[in-house]
Amino acid sequence: MTTKILLGPVLSFRGASKGKWKVSALIGIDEGKKAPKFTVDGKAAPKSSVLLRHGGRQYLRYDLTTNQGDQERKVEYTIGDVDEVWHFTVPGQNYAPRMAYVSCNGFSDPSSIRKLIKGENAVWADLLCNHDKQVRPAGYMLDKEQLWHESRTHDKNLQRFHLLLMGGDQIYFDSIWEDVKELKGWIGLPRDEQLVFPVSPELEAKIEDYYLKLYADRWLPKERGTWGGETKPLDAAQAMARTPTVMMWDDHDIFDGWGSYSCEMQHSPLFQRLFHHARRAFWVFQMQHAADNLPDLVPRDDVQVRANDPLFKKIAWTEALKRDALALPLLDLQPGFSFAHAIGPVQLLVADLRTERSHEQVLGPDTWTAMKAWLKQIPENGRKHPGEGCQHLLFMSSVPVVHPKLSLAEAFLDNFGSDHVLDSSSDDLKDHWTHDDHEGERLRLLETLFATAKAKQLRAAIVSGDVHVAAHGVAYRKDVGPQDNWAQIQQFTSTAVVHPSLVSVAERLFFHVLDNVGRTTQNLDVNTSAEMLIFPQSNRRVLAARNWLAIELDTGVANAAGSKLWATWRCETKDGVSNHLMAVEPTAVPEVALLHR
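First residue of the sequence shown? That's 1 in the UniProt record's numbering, and the numbers climb one at a time after it.
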């Protein structure tokens, strides 16, 4: 009998070290079924481990780790007797990965599907046709941007991307407020009753079941059909099965606006139980760790702190996960899920902006300490020997650090509270790094990245999503000359891959306001400014279109001259796709380095 896969395969990148490209694969099957065998390049993969058993299902993780050679190569894998062959591509050792970035893979409101100008998965389809030649439909026509990549990848029987960065809202749990009867009733209660609403064991079981089952329903929906047919649906399931992912959550992976409600609401019994089960589901399905290995969040009791800043005890992740050979490289001694990868000349820092979020806090003090410790150990970009040092640091921020600042809207909505779970207007603004309550922390982040870029002689860039537009911004120091390009931090905003962009009449009006406000330079302090740049190949600061982003180095390997980082947005249009390209130059070579060449 053919193996019935209920979820997955979902590939996850676990790191690169000592010539190994570490990848895991998650699948879901019926609990009573025997775990199918995986093969990797024709050889049996190690035995699976069970991450979770729940509701008659079991979720298994497999080790697909493979060797990195001098040059990139494509790896084939299969699952049991499923009539399907999947591939992923591994970069050569010391080479930078080619990366695609997406966010907002779903709908905050099911009715918003009517706003789409094309099908729900049209942007995923474009990404997949760029990535993997094997899934292109018959008669598929290439555009000039795609044609440029053919000789570099597909003509060599390779895929274009080595990694799929997913920056938040991989799944939307907002529907829980409508689908669970008790929660729908809670919405109509007076606020004072909402704050003390008890979570019965029966309701808790429903909440847990909802968070754990929705991943399969959304990531491998029954209506798409099973694996193994002649038709290959071009959707998120196909992308996650063909590209190792790097995932970090945002609010919708919990529910809309998590962390931006009032202190009283955030600490209410219902909100705390919702967060508990969302966190556990994220740990299993997006981070691919065993449910039993998740440490609890424990509030700090060693210092007197304000109640509205959620501060938790440090988690010794290295100790907690020491028996897991495929554990993600979580930053040690932080309570959240921030982690980092070092891959050839690229370093990737993936920040958890939800675990410790409040009205006035994005990251807690221990997370700042852990991030700075990791940044300090980045190898300096000496550019004397290929394969040594870091040329480009990417900071993944689920919400933009550089974005138009809507001060009037902030002031207006601040007067109307922010605790209505079905109205995201206020919490969306409070989520932004640009909100007045987060401005100090935003400056702290930029100064930290500037200091790292200067000390390590590298370029730092930020990649973000969340806001349902494509945009290009920059933060820069005004007290240095243009030759010191370490003091320029580019930001690439790419969103959304499924969620509609700003298309209704009210949203289009908001878009024009956003674009107009984006013309104003933001002076963060006497030496630091941020501004939105004209979006490449357009006449606007923001582009209201669904989109995805490619991030690639031109040479891919560390070298004396340095490599440009190319960012390419692919934006949905009525007639096809528009391409928008820009480049980040390598760090200017200091004179002292030139003398030693």
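Think of the CB as a built atom: it goes at the ideal place given N, C-alpha and C, for glycine as much as any other residue.
Cβ neighbour criterion (16 or more within 10 Å) applied to residue i
{"i": "P269", "result": "exposed"}
{"i": "L330", "result": "buried"}
{"i": "V23", "result": "buried"}
{"i": "L6", "result": "buried"}
{"i": "T573", "result": "exposed"}
{"i": "I343", "result": "buried"}
{"i": "P345", "result": "buried"}
{"i": "I534", "result": "exposed"}
{"i": "R53", "result": "exposed"}
{"i": "D132", "result": "buried"}
{"i": "S563", "result": "buried"}
{"i": "I176", "result": "buried"}
{"i": "E552", "result": "buried"}
{"i": "K18", "result": "exposed"}
{"i": "R323", "result": "exposed"}
{"i": "K430", "result": "buried"}
{"i": "N121", "result": "buried"}
{"i": "N105", "result": "buried"}
{"i": "S200", "result": "exposed"}
{"i": "R98", "result": "buried"}
Three-state secondary structure (DSSP) of residue i
{"i": "D83", "result": "coil"}
{"i": "Y140", "result": "coil"}
{"i": "Y62", "result": "strand"}
{"i": "S254", "result": "Note that residue 254 is Ile in the sequence shown, not Ser. Three-state result, I254: coil."}
{"i": "F239", "result": "The displayed chain sequence assigns Ala, not Phe, to residue 239. Three-state DSSP puts A239 in a helix."}
{"i": "residue 613", "result": "Past the boundaries of the shown model lies residue 613; the chain is included only from 1 to 597, so the question cannot be answered."}
{"i": "Q266", "result": "helix"}
{"i": "E76", "result": "strand"}
{"i": "L595", "result": "Interpretation of L595 is limited by its pLDDT of 31, a score under 50 that renders its predicted location unreliable; the figure taken from the coordinates is listed afterwards. In this structure, L595 counts as helix in the three-state DSSP scheme."}
{"i": "H468", "result": "coil"}
{"i": "C571", "result": "strand"}
{"i": "K22", "result": "strand"}
{"i": "D366", "result": "helix"}
{"i": "A550", "result": "strand"}
{"i": "S426", "result": "Reliability of the predicted coordinates at S426 is poor, the pLDDT of 49 falling under 50, and the value obtained from them is presented with this limitation in mind. It is helical."}
{"i": "A327", "result": "coil"}
{"i": "R477", "result": "strand"}
{"i": "V284", "result": "helix"}
{"i": "L321", "result": "coil"}
7 Å Cβ cutoff met for residue i and residue j
{"i": "C571", "j": "A496", "result": "no"}
{"i": "L51", "j": "A290", "result": "yes"}
{"i": "G92", "j": "Q71", "result": "yes"}
{"i": "F282", "j": "L163", "result": "no"}
{"i": "I27", "j": "G8", "result": "yes"}
{"i": "W486", "j": "A461", "result": "no"}
{"i": "W569", "j": "N539", "result": "no"}
{"i": "K314", "j": "L294", "result": "no"}
{"i": "F161", "j": "T243", "result": "yes"}
{"i": "E84", "j": "W227", "result": "yes"}
{"i": "L128", "j": "V135", "result": "yes"}
{"i": "F107", "j": "Y172", "result": "yes"}
{"i": "V350", "j": "M287", "result": "no"}
{"i": "L165", "j": "V246", "result": "yes"}
{"i": "L124", "j": "D235", "result": "Looking at the sequence provided, one finds Trp at residue 124 rather than Leu. Cβ atoms of W124 and D235: closer than 7 Å."}
{"i": "V463", "j": "L394", "result": "yes"}
{"i": "Y140", "j": "L549", "result": "no"}
Nonlocal neighbours in the same chain, by C-beta distance under 7 Å from residue i, ignoring five residues either side
{"i": "A45", "result": "F38, T39, Y62, D63, L64"}
{"i": "N381", "result": "G389, C390, Q391, K456, Q457, L458, T587"}
{"i": "R519", "result": "R541"}
{"i": "G15", "result": "K22, P329, H341"}
{"i": "L514", "result": "P404, V542"}
Inter-residue CB distance, residue i and residue j (contact presumed, cutoff 8 Å)
{"i": "G473", "j": "V402", "result": "3 Å"}
{"i": "E47", "j": "D30", "result": "Per the sequence shown, residue 47 should be read as Lys rather than Glu. The pair is not a contact, with the Cβ atoms about 18 Å apart (cut-off 8 Å)."}
{"i": "residue 606", "j": "T528", "result": "This structure cannot settle anything about residue 606, because the visible part of the chain is limited to 1 through 597."}
{"i": "H512", "j": "D437", "result": "So it is not a contact: roughly 26 Å between Cβ atoms."}
{"i": "G69", "j": "S398", "result": "Not a contact, Cβ separation roughly 34 Å."}
{"i": "S501", "j": "A530", "result": "S501 to A530, Cβ: 23 Å. No contact."}
{"i": "F312", "j": "V298", "result": "6 Å"}
Contacts around residue i, its chain only, beta-carbon distance under 6 Å, and the 5 residues preceding and following it disregarded
{"i": "D251", "result": "G257, W258"}
{"i": "F208", "result": "Residue identity differs from the one stated: residue 208 is Glu in this sequence, not Phe. H277, listed in sequence order."}
{"i": "T153", "result": "R160"}
Cβ-heavy atom distance, residue i to the ligand ZN, below 6 Å
{"i": "Y95", "result": "What this structure holds is no ligand at all, so the ligand ZN is not there to describe."}
Proximal residues to residue i (C-beta, below 8 Å), its chain only, five neighbours per side dropped
{"i": "D525", "result": "L443"}
{"i": "L60", "result": "L26, I27, G28, I29, A35, S48, S49, V50, L51"}
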